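Asker: The structure that follows is given in the form of C-alpha cells.
There are 2 protein chains.
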Amino acid sequence: MATLKDVAAAAGVSPATASRALSEPGSVATAGRERVLRAAAQLGYRVNPAARALRSGRSGHLGLVLPDLANPFFASVAKGVQARARELGRTVLVADTEEDPALELDLVARLREQVDGVILCSSRMPESQLRSHADAGRVVLVNRELDGVPSVSVDNADGVRQGLEHLRALGHRTVAYAGGPASSWSDQRRREAFAAVEGITVVDLGPGRPVAARGVAAADLALGSAATAVVAYNDLVALGVLDQLRTRGVRVPEEMSVIGFDDIPAAALVHPPLTTVTLPLREVGRRAVELVVATADADPSDPPAVVRELLGVELVVRGSTAPAAAGAARSQA
Amino acid sequence: MATLKDVAAAAGVSPATASRALSEPGSVATAGRERVLRAAAQLGYRVNPAARALRSGRSGHLGLVLPDLANPFFASVAKGVQARARELGRTVLVADTEEDPALELDLVARLREQVDGVILCSSRMPESQLRSHADAGRVVLVNRELDGVPSVSVDNADGVRQGLEHLRALGHRTVAYAGGPASSWSDQRRREAFAAVEGITVVDLGPGRPVAARGVAAADLALGSAATAVVAYNDLVALGVLDQLRTRGVRVPEEMSVIGFDDIPAAALVHPPLTTVTLPLREVGRRAVELVVATADADPSDPPAVVRELLGVELVVRGSTAPAAAGAARSQA
DNA sequence: GCCACTGGTGCATTCGATTTCACCGTTTCA
DNA sequence: TGAAACGGTGAAATCGAATGCACCAGTGGC
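Line order of the protein sequences matches chains A and B. Converting from the first sequence to the working numbering requires adding 1 to each position, the first position being numbered 1. Converting from the second sequence to the working numbering requires adding 1 to each position, the first position being numbered 1.
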C-alpha cells in the first residue's frame, strides 16, 4: 500500500506539502498540487484512516444507537442516517441495544470513543444516565428531548391529535389506547396528547412491548371496554389488534376502528388496510446526521448551538376506520 | 484523557509492560499486572482505538454491506451480525447500497480500508467485479457463493423443494413462480430448484423487484395462467399477491394457494396467515461474523481456509395453502 | 536599498499504542 | 562448571498522516 511519503517522493515534494495538497488544495501552488494529485492517482494512494484519526482526533465515523434494527421504524431512520452520512463522506457505526437500557448504556459508552458523534435513537435510558452522556457532548437525540441537548423528533402530539379528531368526526367518543414501552419518551408524549383532546374519553390499556403479541392482548381488553376505536402505539401492535379482532369475529372497521402509528410497509398490505400516522423517518435520520456533524465539526470552545427539530406527521386514512357503530351509542347510554 | 504512558507511570512499569498487561495478561508477572490494572481503573484509562489501529493494523471494525436495511430480511441478518460482533468485542460499520450495484462497488471499496473484514450480503454485483474484491481477501459472502470465497447461505433449493412438495401433496400440479431481481443469486438458485422438482409444471412469472407492488402485478399474471398456486420470491411479494387476489375476489387458499419466503413478522399477521419458508437469518449473520473474524485473525501467509456454510430452512405451513380446488382439475384438462 | 510582509515549502515533532530486540537473573541440562 | 533456555522486562523504533514552526524567495512600500 502506498503511503503519503511515497506519493510525496514520486511528486518530488515533502510529505507535508503532499498532505496539504490533498486536504487543503488551496494552500499549495498549482504545479506541485497537480504533481501530487497525479502521483496519488498513479500509485493508487488512499489515506490511512487510522493514522489520520490518531493525529487529527476525528475518525470520520458516526455512531448510531437504536433499540431494534428489525423494527421497521428504526430501520427507516437508519436508512436516512446512512444516506446522508454517505453523502457527507462519513461512515456509520451501528449498535443495536435490543431494547435493553443497560446494554444501551454500555454501547453508548463504548461507541463514544470510536466516533465523532453519536445519534441516540429513542433512548430507553432514564434521564439521569442519559444526561451524563449527553452533557459530555457530541450526542444528538432522536425521538427524545432533553434540555440543552440537540434533538430531532416527530410531532407525536400532533399525530395523536389528528387521529383522535378523525375518530371524533366519525362519531367516536370512547377510544382505547394500547400504549408502548413505559420507558418510551414518545409514548409519554402521546399519552399527554390523549389527555389534552376534548370530547373523547380515553381507555388506557396500559403500557406494553411494541410488538404484535401485545396488540393481540390489547384487542381483548378493548373489547371488554366501552371503546369503539383503538389507537395503537405502533403499526405492529395495530396489526396484532386487527388479527385478534378478526379471531373474535369483530368486524373492522364496522364494529371497531383501529389506528396505528409509523406507517410501516405492511400497514397498507393487510385487510382492511390500516389507517395510521405516517412519520418522515428517513428525514429524521438525515436531519440527525446534519446536527451531529455540525456539533462534531464545531469549535469546542464555542458555546454549543442546541437545535431542536420537530418534524410534521400526517394521518393516512385507509380502511380500518369508519363511523362509530350503534354500539357507540350504547356505550354512551 | 489518560494514556497508556500515564497508566504505566502510575503503576511504576514501562509502557510496554502496561500494554502487555492489558492485552495479553498471561505474559506479565502477577504483581505488576495487578498494579497496571488498578492504575488503569483508577485513571479511567481507555485505549485509543486509532492509535491501536495504526500500529497493529486492525481496527476491530467489521463491515456489513447490504442492499436495503429496510428490508426485514436484511435487518434480521444485520441483527445477527450485530449481536455476535458485540460478543466478540467488535463493532459493525453498516452500508446500505440501495440495491444499486454501482453504489455497492463503491461502498465495498471504501469500506475495505476501514475494517478488518467485510460481510457482503446478497451482493448484486456481477461475478467479475465481485471476484476482484473477494480475491483481495477478508471478504465473506452471505447468500451468494463463489469459488474460493468463504460464504454463508441458506438452502434455497431445499426451501423451494419443501414448498413444492407441500403443494404437490395437496394436489397442485401447476405452480407459478413470482421471481425476484434478475441479479439475485438466491433467485437463480430457486429457479434451478423449481426445474428440478418432478411432477409439477412451472409457470414463470418473470423476474421483478422484491417489493409488494411486484406481487400485485404477479397475482394477475398468475390468474391468467393455469396455476393453482403461487410461490413468491419473498414474503413482501407474497403479501402483494394476497392483497391483489382479495381485490380480484379470488379466495385464498380455497381457490389459490400462496407460499412466501423469509417468514417476516408480518407474514403471520395477515389473513390468511402466510405459509412461508422460514430462514435462520440471525444465525446466518452470526456465522458470517465467525467466518470473517477467523479470516481477519488468520495469518495471511497461511493458505486461507475457505469455508462454505449452508444453513437449513423450514417450511412453515399456515393458512395460505390448501388442497387444489376443482380449478386444478380444469387446468389439467 | 533596506525592511516588512506574504505565499509556499520542508523539517521535525506529535498523536498513543504496539512490537521488536536486547538484556537481565535464574534455572536446567550436559 | 559452562552453556543454553527461559520468563519477564524496558528502551526505542514503528505505524502514517497532520501540523507548528522556521525558513525561503519574491514583492511592495518607504
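Using N, Cα and C, we set each Cβ at its ideal position, and we do this for glycine too. From a predicted model like this one, the values you see are computed outputs, not experimental measurements.
Please list, in chain order, the chain B residues whose beta carbon lies closer than 8 Å to that of E6/A.
Answerer: Inspection of the sequence shows that residue 6/A is occupied by Lys rather than by Glu. Within 8 Å Cβ-Cβ: nothing; K6/A doesn't reach chain B, min ~15 Å.
Asker: Could one say the Cβ of A179/A lies closer than 8 Å to chain B's Cβ atoms, at least one of them?
Answerer: For A179/A, the answer is no, since every Cβ of chain B falls outside 8 Å of its Cβ.
Asker: Could you spell out the range, first to last residue, of the beta strand (DSSP E) harbouring R309/A?
Answerer: Taken as a continuous stretch (DSSP letters only), the beta strand (DSSP E) holding R309/A covers 309 to 312.
Asker: For my contact list, A219/A and A179/A are in at a C-beta cut-off of 8 Å; report their separation, rounded to the angstrom.
Answerer: The Cβ separation is near 4 Å, so the contact holds.
Asker: By the DSSP assignment, the beta strand (DSSP E) with T31/B in it spans what residues?
Answerer: It is not in any beta strand (DSSP E) - T31/B instead sits in the alpha helix (DSSP H) that spans 31 to 44.
Asker: Taking the beta carbon of A137/B as the centre, do at least 16 other beta carbons fall within 10 Å, making it buried, or is it exposed?
Answerer: Exposed.
Asker: Considering only C-alpha positions, which residue in the set A103/B, N157/B, V155/B, Q115/B is nearest to L131/B?
Answerer: When each option's Cα is compared against that of L131/B, the closest is A103/B.
Asker: With S60/A as the anchor, note down where its alpha helix (DSSP H) starts and where it stops.
Answerer: That residue, S60/A, is in no alpha helix (DSSP H); it is neither H nor E in DSSP.
Asker: Answer yes if the segment 136 to 150 of chain A comes into contact with the segment 230 to 240 of chain A, meaning at least three C-beta pairs across the two stretches below 8 Å, and no otherwise.
Answerer: Because the criterion of three Cβ pairs below 8 Å is not met, the segment 230 to 240 of chain A and the segment 136 to 150 of chain A do not touch.
Asker: Would you mind working out which of M2/B, A84/B, A52/B sits nearest E284/B, comparing C-alpha positions?
Answerer: Nearest option by C-alpha distance: A84/B.
Asker: Smallest Cα separation from H167/A: which of T4/A, A239/A, V318/A, V116/A?
Answerer: It is V318/A whose Cα lies nearest to the Cα of H167/A.
Asker: How many angstroms separate the CA atom of E35/B from the CA atom of K6/B?
Answerer: Roughly 16 Å between the two C-alpha positions.
Asker: So, using beta-carbon positions, are L70/B and A71/A closer together than 8 Å?
Answerer: Result no, Cβ atoms of L70/B and A71/A do not sit closer than 8 Å.
Asker: What is the rounded straight-line gap between the Cα of S15/B and the Cα of V29/B?
Answerer: Taking the straight line from one Cα to the other gives about 12 Å.
Asker: Using a Cβ-Cβ cut-off of less than 8 Å, list which residues of the segment 83 to 97 of chain A approach chain B; keep chain order.
Answerer: Correct list: Q83, A84, R87, T92, V93, L94, V95, A96, D97.
Asker: Cβ of L112/A within 8 Å of Cβ of A96/A?
Answerer: For L112/A and A96/A, yes; Cβs fall inside 8 Å.
Asker: Could you have a look at E128/B and say whether DSSP puts it in helix, strand or coil?
Answerer: If DSSP states are grouped into helix, strand and coil, E128/B belongs with the helices.
Asker: Output, in sequence order along the chain, the residues in the segment 216 to 245 of chain A whose CB is closer than 8 Å to any CB in chain B.
Answerer: Correct list: L237, L240, G241, L243, D244.
Asker: Report the residue from D159/A, A214/A, A170/A, L171/A whose alpha carbon sits nearest the alpha carbon of R191/A.
Answerer: Minimum Cα distance to R191/A is reached at D159/A.
Asker: Using a Cβ-Cβ cutoff of less than 7 Å, which residues in the same chain neighbour V198/A once the five nearest sequence positions on both sides are dropped?
Answerer: So the qualifying residues of the chain are R162, L165.
Asker: So T248/A and D264/A are supposed to be a Cβ contact under 8 Å. How far apart are they, rounded?
Answerer: Wrong, their Cβ atoms sit about 24 Å apart, outside the cutoff.
Asker: By DSSP, does L275/A sit in helix, in strand, or in coil?
Answerer: DSSP places L275/A in coil when its eight states are reduced to three.
Asker: What is the DSSP secondary structure of V232/B, counted as helix, strand or coil?
Answerer: Correct three-state label for V232/B: strand.
Asker: DSSP three-state call for E100/A: helix, strand or coil?
Answerer: It is coil, neither helix nor strand.
Asker: Would you please state the rounded distance, in angstroms, between the beta carbons of S133/B and S187/B? I believe it to be under 8 Å.
Answerer: No, S133/B and S187/B are not in contact; Cβ-Cβ is about 22 Å, not under 8 Å.
Asker: Please list, in chain order, the chain A residues whose beta carbon lies closer than 7 Å to that of S60/B.
Answerer: Per Cβ cutoff of 7 Å: A51.
Asker: Hey, could you find the ends of the alpha helix (DSSP H) D221/B is sitting in?
Answerer: D221/B -> alpha helix (DSSP H) spans 213 to 224.
Asker: Assuming A3/A is part of the beta strand (DSSP E), what are its boundary residues?
Answerer: No beta strand (DSSP E) contains A3/A, which DSSP labels as neither H nor E.
Asker: With respect to the beta strand (DSSP E) encompassing D263/A, which residues constitute its N-terminal and C-terminal limits?
Answerer: It spans 258 to 263 - the beta strand (DSSP E) in which D263/A sits, taken as one unbroken run.
Asker: Looking only at its own chain, which residues have a Cβ that is under 7 Å from the Cβ of A330/A, when we skip the five neighbours before and after it?
Answerer: The predicted model places A330/A with a pLDDT of 39, which falls under 50 and marks its position as unreliable; any figure quoted below should be read in that light. None.
Asker: Could you list which residues in chain B have their beta carbon closer than 9 Å to that of S77/A, in chain order?
Answerer: Within 9 Å Cβ-Cβ: L70, A71.
Asker: Closest by CA to A326/B, which one among I260/B, T229/B, T276/B?
Answerer: Nearest of I260/B, T229/B, T276/B to A326/B, Cα basis: T229/B.
Asker: Of all the CB atoms in chain B, is at least one closer than 8 Å to the CB of Q115/A?
Answerer: Chain B contact via Cβ: present.
Asker: Within 8 Å, do at least three Cβ pairs link the segment 32 to 46 of chain A to the segment 35 to 53 of chain B?
Answerer: In short, these stretches do not touch, since the Cβ pair count stays below three.
Asker: Using 8 Å as the limit for Cβ to Cβ distance, is L147/A near chain B?
Answerer: Judged by the 8 Å Cβ criterion, L147/A is not in contact with chain B.
Asker: Would you mind giving the Cβ-Cβ distance between R139/A and D117/A, rounded to the nearest angstrom? I have them listed as a contact below 8 Å.
Answerer: Rounded, the Cβ-Cβ distance is 7 Å, consistent with contact.
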